[in-house]
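Colleague: Got a structure for you, written out below as structure tokens; questions coming shortly.
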DNA sequence: TTGTTTACTTGACCACCTCAAGTATCGGGG
DNA sequence: CCCCGATACTTGAGGTGGTCAAGTAAACAA
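Chains as they are written, first to last, in the working numbering: chain A, 26 to 171; chain B, 26 to 171.
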């Protein structure tokens, strides 16, 4: 073992550490969103809207029922952060697109997130690269597992 | 730069990676909890109950309003997973304790989580140690930041 | 004792989430 | 062509999680 690292973290310890960081990050996101008048769910949806996206696709991304999306988009649309447009090639489909204001709001939320995340600045280039590599290896196995 | 690692991950890339892993882990947790008839919030509460814990302490841990905890504990208590006991030294306080059944359920949820988290097994001892060290450095800065 | 603070509950209200049912459209056979 | 099954979305009912404001009870301090 390399003397520069801790003895031997258990799988459980790593899981707890990941959970703690995940929770903290989620709370940061929620706080940034709230600061701009959004719930975390609304911010999450807005963050997905790079281009027009059918309601169904949104439900798939959020891993939730389609009827749920209706309500979320209703509220975003009521605040003019988002628009429903008919799909030209399939009249059943409604594409959701972010308005200028919507794009603006989510941009500010992202900025606020980055600003508050100084913890990542304490890593030097090598450390960032190592962390990125290890986390990237973790991600694929993190999907639906049965 | 050490030739063994990727070029140079940006802060944003690392944030996205952490977010993706956090989301995946949370969904796993929710699924495991649901499999045992619990919502993720209920499971989270149950997981905190190593010993008797006042309602207020629970609210602090969950970073939410005290009145919210009342409802959550109501539902857990209705299913006999948890009990409210009067605090002997302060009659205002009600201590929440997990019942045998409650402990059993949360134990099974934890087991299911570990079982499904094979991704961590792909790391060797050195890698785990390195990851643990880096994540541990990240955690402190992940708290309330303004 | 009187007043302040703390712990918990209640009720009103909203967001989110699911399920079941309904409407409209699409697409593929007869 | 018409019918029929699948798909996209909405609606409504019902439950959970979350906040805030107000109320009760107990502790505590002056």
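Beta carbons: idealized from backbone N, C-alpha and C, even for Gly.
This structure is a prediction, so every number in the text was calculated from the model and none was measured.
Using a cut-off of 7 Å between C-beta atoms, extract the partners of residue 161 of chain A located in chain B.
Modeller: To locate residue 161 of chain A, count along the first chain from 1; it is residue 136. Near residue 161 of chain A (Cβ distances below 7 Å), the residues of chain B are 42.
Colleague: Would you kindly work out how many angstroms separate the C-alpha atoms of residue 50 of chain B and residue 119 of chain B, rounded to a whole number?
Modeller: Reading the second chain from its first residue, position 25 is the one you call residue 50 of chain B. Reading the second chain from its first residue, position 94 is the one you call residue 119 of chain B. So the alpha carbons of these two residues sit roughly 32 Å apart.
Colleague: Mind reading off the beta-carbon distance from residue 73 of chain B to residue 101 of chain B? Whole number of angstroms is fine, and I expect it under 8 Å.
Modeller: If you number the second chain from 1, residue 73 of chain B lands on position 48. If you number the second chain from 1, residue 101 of chain B lands on position 76. At roughly 12 Å, the Cβ-Cβ gap does not stay under 8 Å, so residue 73 of chain B and residue 101 of chain B are not in contact.
Colleague: Give a yes or no on whether 8 Å exceeds the smallest Cβ distance from residue 153 of chain A to chain B.
Modeller: The residue labelled residue 153 of chain A in the question sits at position 128 within the first chain. Closer than 8 Å: yes.
Colleague: Are the CB atoms of residue 145 of chain B and residue 159 of chain A within a distance shorter than 8 Å?
Modeller: Counted from its first residue, the first chain places residue 159 of chain A at position 134. Counted from its first residue, the second chain places residue 145 of chain B at position 120. No, the Cβ-Cβ distance between residue 159 of chain A and residue 145 of chain B is not below 8 Å.
Colleague: With distances taken Cα to Cα, identify the nearest neighbour of residue 41 of chain B among A:38, A:88, A:46, A:61.
Modeller: As a first step, residue 41 of chain B must be located in the second chain, where it is residue number 16. Per the Cα distances, A:46.
Colleague: Is residue 118 of chain A helix, strand or coil when you go by DSSP?
Modeller: In the first chain, residue 118 of chain A corresponds to position 93, counting from 1. Here residue 118 of chain A sits in coil by DSSP.
Colleague: With the cut-off set at 8 Å, would you say residue 57 of chain B and residue 64 of chain B are in Cβ contact?
Modeller: Indexing the second chain from 1 puts residue 57 of chain B at position 32. Indexing the second chain from 1 puts residue 64 of chain B at position 39. Taking 8 Å as the Cβ cut-off, residue 57 of chain B and residue 64 of chain B do not qualify as a contacting pair.
Colleague: Any C-beta of chain A within less than 8 Å: which residues of the segment 128-148 of chain B qualify?
Modeller: Listed in sequence order: 138, 139, 141, 142, 143, 144, 145, 146, 147, 148.
Colleague: Using CA atoms only, rank isn't needed, just tell me which of B:137, B:161, B:80 is closest to residue 97 of chain B.
Modeller: For the purposes of this step, residue 97 of chain B is taken as the residue at position 72 of the second chain. Residue B:80 is the option with its Cα nearest to residue 97 of chain B.
Colleague: Anyone know if the C-beta pair for residue 88 of chain A and residue 107 of chain A falls short of 8 Å?
Modeller: Within the first chain, numbered from 1, the residue matching residue 88 of chain A stands at position 63. Within the first chain, numbered from 1, the residue matching residue 107 of chain A stands at position 82. No, the pair does not count as a contact, with Cβ atoms beyond the cut-off.
Colleague: Please identify, using Cβ separations under 9 Å, the residues of the segment 41-68 of chain B that lie next to chain A, in order along the chain.
Modeller: Result list: 42, 43, 44, 45, 46, 47, 48, 49, 50, 51, 52, 53, 54, 56.
Colleague: Take residue 170 of chain B and list the residues in its own chain whose beta-carbon comes closer than 8 Å to its own, dropping the five residues that flank it on each side.
Modeller: Within the second chain, the letter at position 145 stands for residue 170 of chain B. Residue confidence is low: residue 170 of chain B scores 41 on pLDDT, short of 50, so the model does not pin down where it sits. Its coordinate-derived value is still stated next. So the list is empty, once near-sequence residues are dropped.
Colleague: From the DSSP output, in three-state form, read off residue 33 of chain B for me.
Modeller: Within the second chain, numbered from 1, the residue matching residue 33 of chain B stands at position 8. Coil.
Colleague: Count the other CB atoms, across all protein chains shown, that sit within 10 Å of the CB of residue 154 of chain A; report buried if there are 16 or more and exposed otherwise.
Modeller: Locating residue 154 of chain A in the first chain gives position 129, counting from the first residue. Flag for residue 154 of chain A reads buried.
Colleague: Considering residue 130 of chain B, what are the terminal residues of the beta strand (DSSP E) in which it resides?
Modeller: Position 105 of the second chain holds residue 130 of chain B. Where residue 130 of chain B is concerned, there is no enclosing beta strand (DSSP E), although the alpha helix (DSSP H) it sits in stretches over 125-141.
Colleague: Counting only C-beta atoms, is residue 94 of chain B closer than 8 Å to chain A at any point?
Modeller: To locate residue 94 of chain B, count along the second chain from 1; it is residue 69. It does not: the Cβ of residue 94 of chain B has no partner Cβ on chain A nearer than 8 Å.
Colleague: Compute the distance between the beta-carbons of residue 69 of chain B and residue 139 of chain A, then report whether it is under 8 Å.
Modeller: Counting from 1 along the second chain, the entry for residue 69 of chain B is found at position 44. Counting from 1 along the first chain, the entry for residue 139 of chain A is found at position 114. No.
Colleague: Does DSSP classify residue 162 of chain A as helix, strand or coil?
Modeller: As a first step, residue 162 of chain A is located in the first chain; it is residue number 137 there, counting from the start. Helix.
Colleague: So with Cβ pairs under 8 Å, would you call residue 119 of chain B a contact of chain A?
Modeller: Reading the second chain from its first residue, position 94 is the one you call residue 119 of chain B. No, its Cβ sits nowhere closer than 8 Å to a Cβ of chain A.
Colleague: Taking the continuous beta strand (DSSP E) assigned at residue 109 of chain B, which residues delimit it?
Modeller: Here residue 109 of chain B refers to the residue found at position 84 when the second chain is read from its first residue. Counting along the chain, the beta strand (DSSP E) containing residue 109 of chain B begins and ends at 107-111.
Colleague: Apply the 10 Å Cβ neighbour rule to residue 148 of chain B and answer buried if 16 or more other Cβ atoms are within range, or exposed otherwise.
Modeller: In the second chain, residue 148 of chain B corresponds to position 123, counting from 1. Flag for residue 148 of chain B reads buried.
Colleague: Rounded to whole angstroms, how far is the Cβ of residue 141 of chain B from the Cβ of residue 75 of chain B, which I believe are closer than 8 Å?
Modeller: In the second chain, residue 141 of chain B corresponds to position 116, counting from 1. In the second chain, residue 75 of chain B corresponds to position 50, counting from 1. 23 Å between Cβ atoms; not a contact.
Colleague: Can residue 84 of chain A and residue 90 of chain A be called in contact, C-beta distance under 8 Å?
Modeller: Locating residue 84 of chain A in the first chain gives position 59, where the first residue counts as 1. Locating residue 90 of chain A in the first chain gives position 65, where the first residue counts as 1. Cβ distance < 8 Å, so residue 84 of chain A and residue 90 of chain A count as in contact.
Colleague: Can you find a C-beta in chain B that's less than 8 Å from the C-beta of residue 73 of chain A?
Modeller: Along the first chain, one-based indexing puts residue 73 of chain A at 48. No, residue 73 of chain A lies away from the interface with chain B (no Cβ there is under 8 Å from its Cβ).
Colleague: Is it right to say residue 123 of chain B is buried, meaning 16 or more other beta carbons lie within 10 angstroms of its own, or is it exposed?
Modeller: The residue labelled residue 123 of chain B in the question sits at position 98 within the second chain. Buried: at least 16 other Cβ atoms inside 10 Å.
Colleague: Using a Cβ-Cβ cut-off of 8 Å, state whether residue 87 of chain B counts as contacting chain A.
Modeller: Position 62 of the second chain, counted from the first residue, corresponds to residue 87 of chain B. Not an interface residue.
Colleague: Taking the C-alpha atoms as reference points, what is the distance between residue 105 of chain B and residue 71 of chain B?
Modeller: For the purposes of this step, residue 105 of chain B is taken as residue 80 along the second chain, with counting starting at 1. For the purposes of this step, residue 71 of chain B is taken as residue 46 along the second chain, with counting starting at 1. Approximately 12 Å, taken between the alpha carbons.
Colleague: Whose Cβ in chain B lies nearer than 8 Å to the Cβ of residue 37 of chain A?
Modeller: Indexing the first chain from 1 puts residue 37 of chain A at position 12. Per Cβ cutoff of 8 Å: 139.
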